[in-house]
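Going down the list, the protein sequences come from chains L and Y.
So our numbering is basically just the index in the first sequence, starting at one, shifted up by 367.
So our numbering is basically just the index in the second sequence, starting at one, shifted up by 367.
Everything below concerns the one structure shown next.
2 protein chains.
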Amino acid sequence: MASIQSAVQPLAAKLRQFDALSQEEEQVLEAAVSSIREIDVNQDMVVEGESPEHSTLLLGGFAARYNVTAEGRRQITAVHISGDFVDLHSFLMRPMDHSITALTPCQIAVVPHSGLTRITETHPHLTRLLWLSTLVDGGIHRKWAVALGSLQGHQQLAHLLCELYLRLKQVGLTDGWSFQLPLTQTLLSECLALSTVHTNRVVQMLRKDDVIRWERDQITIVDWDRLVDIAEFDPTYLRGPKLLTADQSAA
Amino acid sequence: MASIQSAVQPLAAKLRQFDALSQEEEQVLEAAVSSIREIDVNQDMVVEGESPEHSTLLLGGFAARYNVTAEGRRQITAVHISGDFVDLHSFLMRPMDHSITALTPCQIAVVPHSGLTRITETHPHLTRLLWLSTLVDGGIHRKWAVALGSLQGHQQLAHLLCELYLRLKQVGLTDGWSFQLPLTQTLLSECLALSTVHTNRVVQMLRKDDVIRWERDQITIVDWDRLVDIAEFDPTYLRGPKLLTADQSAA
DNA sequence: CGAGTATTTGACGAAGCTCAATACCTGTGG
DNA sequence: CCACAGGTATTGAGCTTCGTCAAATACTCG
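What follows is the structure, given as structure tokens:
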């Protein structure tokens, strides 16, 4: 089981891709964690309509953010992985307008909002980093909308795989061109807004063209360039490439 | 022409819906504005790929955030109105992964990033309010994705109208159940990810059922309840209803 | 009035949905 | 070791929503 010390590691790794993170800042993050918890598969870790007093940092496992429509159709708007602060926004924005469910058993760190408020009062640079991480989430949603609106099924799937590959790589969860993706085709269809039948056909399309291999929950990217091409993928939105130190942005 | 003093009014009004905004905070915002500028119709005020050194506050007019796909299809991911800080995220996240264009002549306030950094260093409560406004934008994108993925054409249109009505009302730009919406059906089709032909049919559907009236660029909502029903609209995502004062969230 | 743009209509085609059936896979108990 | 159960993946066939192409009508402004 993860200790609180090791808990913030995946998040720290992600934030370091944005800017330097001092020892002290990392300790401040650790100090903000109040406890570690396990979530069962298919259990909601955050529920629509609630106004939690803490935010949830995903330490291990996969989670999905979703809304349910009147007809009972479930639309997934993001897949979350280790290091994602899945409902950091609940700190300021309440109540939750969507739920987050565990796609696999998950370990989470509980971070009380009071601690986050304290960070905004005392650590502006760290605050900017956390803010940035919510902005990247926003960018992911924006891209998701573009994909849903203007890409065909197989392109959307390709886009999702490109995104997940890069994000998993960021936190060290890839193995060469392979990674675990514990999504059934039914779940996948809820990401892509396709029927399960069509989702299956779209998966086969990419397989037949030998762009990806997908066995069990193991995905291997056979031809990254072609995948990027199909998806019209541009990774810009996943990065927060500006350094955030006070001096240089004041320049 | 707007003066800098009056410039932050629509933004201040919006932020006040989230939490109290002190006189001093309002002055700090004013002080962060370096200049006021006019943008012509169809001119981009922010361009994909660039890394601006300032953010853009929309003072008057309508703007749209969009991406262009390989086939030249343009997908609009948000419509912006007075008081929206259209690219506040460019402060931390660069370069821009999308452009923002003026749907009408627009007045904008230019806010250098250095000023924003200074706010994060000295005004934590105001920082949280600004952060929240980017979170609401993120929520809008999330809803847009849900709508694109799981609603039919006429439902999507209904959803867009519900959203715009409430947002315009927030900043005092509605007149009873009417408001100006300077969107051609072509633009509208780029919001909804429909063809212009189908967009037209979908508009007619809502008109024929006497749910809305749409003459010129004047929209009148005839039957709000039915519109909400069609759209499956839930306004939660537009609000940031938690008070943000340090003391109470530390309680 | 006339040019240009925006809206509307019709006819046909394509992407993706639904219903329904079949195959596969993995774990469980006999 | 086999048989079965329950979930997951795959396939086929007909249908719907929405797209494309093309043309006609209206509106707006000089």
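Idealized CB from N, CA, C, for every residue including glycine.
Which residue wins for smallest C-alpha separation from residue i, given the options the options?
{"i": "Y:H565", "options": "Y:Q552, Y:H421, Y:A431, Y:K575", "result": "Y:Q552"}
{"i": "L:T444", "options": "L:L594, L:L555, L:E582, L:A437", "result": "L:L555"}
{"i": "Y:Q442", "options": "L:R574, L:R606, L:V513, L:P549", "result": "L:V513"}
{"i": "L:I597", "options": "L:D584, L:R495, L:L527", "result": "L:L527"}
{"i": "L:L388", "options": "L:E405, L:R404, L:L496", "result": "L:L496"}
{"i": "Y:E582", "options": "Y:H447, Y:K536, Y:Q571", "result": "Y:Q571"}
{"i": "Y:L531", "options": "Y:A380, Y:D577, Y:D592, Y:L605", "result": "Y:L605"}
{"i": "Y:E393", "options": "Y:S401, Y:I403, Y:A379", "result": "Y:A379"}
{"i": "Y:Q474", "options": "Y:L425, Y:D592, Y:W498, Y:E599", "result": "Y:L425"}
{"i": "L:A374", "options": "L:H492, L:E405, L:F385", "result": "L:E405"}
{"i": "Y:A476", "options": "Y:T484, Y:V453, Y:L470, Y:V569", "result": "Y:V453"}
{"i": "Y:T487", "options": "L:V478, L:G505, L:L499", "result": "L:L499"}
{"i": "L:T468", "options": "L:I403, L:E599, L:F546, L:V414", "result": "L:V414"}
{"i": "L:T587", "options": "L:N409, L:D542, L:N567, L:R568", "result": "L:D542"}
{"i": "L:I403", "options": "L:S370, L:G520, L:F385", "result": "L:S370"}
{"i": "Y:N409", "options": "Y:A525, Y:T494, Y:F546, Y:R432", "result": "Y:R432"}
{"i": "L:R485", "options": "Y:P479, Y:R485, Y:T494", "result": "Y:T494"}
{"i": "Y:A525", "options": "Y:D590, Y:E420, Y:L382, Y:H492", "result": "Y:D590"}
{"i": "L:L470", "options": "L:E557, L:T603, L:L483", "result": "L:E557"}
{"i": "L:H447", "options": "L:L540, L:R383, L:D577", "result": "L:L540"}
{"i": "Y:E391", "options": "Y:D451, Y:T489, Y:D407", "result": "Y:T489"}
{"i": "L:Q384", "options": "L:E599, L:L533, L:D577", "result": "L:L533"}
{"i": "Y:D386", "options": "Y:L550, Y:D592, Y:H492", "result": "Y:H492"}
{"i": "L:T603", "options": "L:T563, L:C529, L:V569, L:N567", "result": "L:C529"}
{"i": "Y:W511", "options": "Y:E599, Y:D407, Y:D577", "result": "Y:E599"}
Could you give the C-beta distance for residue i and residue j, rounded to a whole number, given that I count them as a contact under 8 Å?
{"i": "L:H465", "j": "L:N434", "result": "5 Å"}
{"i": "Y:L502", "j": "L:L459", "result": "6 Å"}
{"i": "L:A399", "j": "L:M412", "result": "So it is not a contact: roughly 18 Å between Cβ atoms."}
{"i": "L:P462", "j": "L:S422", "result": "Not really, about 14 Å apart at Cβ, beyond 8 Å."}
{"i": "L:P472", "j": "L:G439", "result": "Not quite, the Cβ-Cβ distance comes to about 26 Å (not below 8 Å), so this is no contact."}
{"i": "Y:R509", "j": "L:H508", "result": "5 Å"}
{"i": "L:S449", "j": "L:P377", "result": "4 Å"}
{"i": "Y:I579", "j": "Y:L559", "result": "Contact doesn't hold; Cβ gap of about 15 Å is too wide."}
{"i": "L:D601", "j": "Y:G505", "result": "Wrong, their Cβ atoms sit about 19 Å apart, outside the cutoff."}
{"i": "L:L535", "j": "L:D584", "result": "No, L:L535 and L:D584 are not in contact; Cβ-Cβ is about 13 Å, not under 8 Å."}
{"i": "Y:L515", "j": "Y:Q523", "result": "7 Å"}
{"i": "Y:K381", "j": "Y:V478", "result": "In fact, because the Cβ distance is near 15 Å, the residues do not count as touching under 8 Å."}
{"i": "L:S517", "j": "Y:T436", "result": "5 Å"}
{"i": "Y:G520", "j": "Y:L561", "result": "5 Å"}
Identify the continuous alpha helix (DSSP H) that holds residue i and give its terminal residues.
{"i": "Y:F385", "result": "376 to 385"}
{"i": "L:H421", "result": "Run containing L:H421: none in the alpha helix (DSSP H); it sits in the beta strand (DSSP E), 421 to 427."}
{"i": "L:P491", "result": "491 to 517"}
{"i": "Y:A399", "result": "390 to 399"}
{"i": "Y:A525", "result": "520 to 537"}
{"i": "Y:L594", "result": "591 to 598"}
{"i": "Y:R568", "result": "563 to 575"}
{"i": "L:E417", "result": "Taken as a continuous stretch (DSSP letters only), L:E417 belongs to no alpha helix (DSSP H), as it is neither H nor E."}
{"i": "L:T553", "result": "552 to 559"}
Checking the sheet assignment: what are the DSSP bridge partners for residue i?
{"i": "L:W581", "result": "L:I586"}
{"i": "L:Q547", "result": "L:Q585"}
{"i": "Y:T484", "result": "Y:T484 is not bridged to any residue."}
{"i": "L:Q442", "result": "L:N434"}
{"i": "L:I448", "result": "Answer by DSSP bridge pairing: none, since L:I448 is not bridged."}
{"i": "L:D542", "result": "L:S545"}
Starting from residue i, trace the beta strand (DSSP E) both ways and give me its first and last residue.
{"i": "L:N434", "result": "430 to 435"}
{"i": "L:S402", "result": "402 to 406"}
{"i": "L:V413", "result": "411 to 413"}
Runs of alpha helix (DSSP H) wholly within the segment 450 to 482 of chain L (minimum 4 residues, chain order): none
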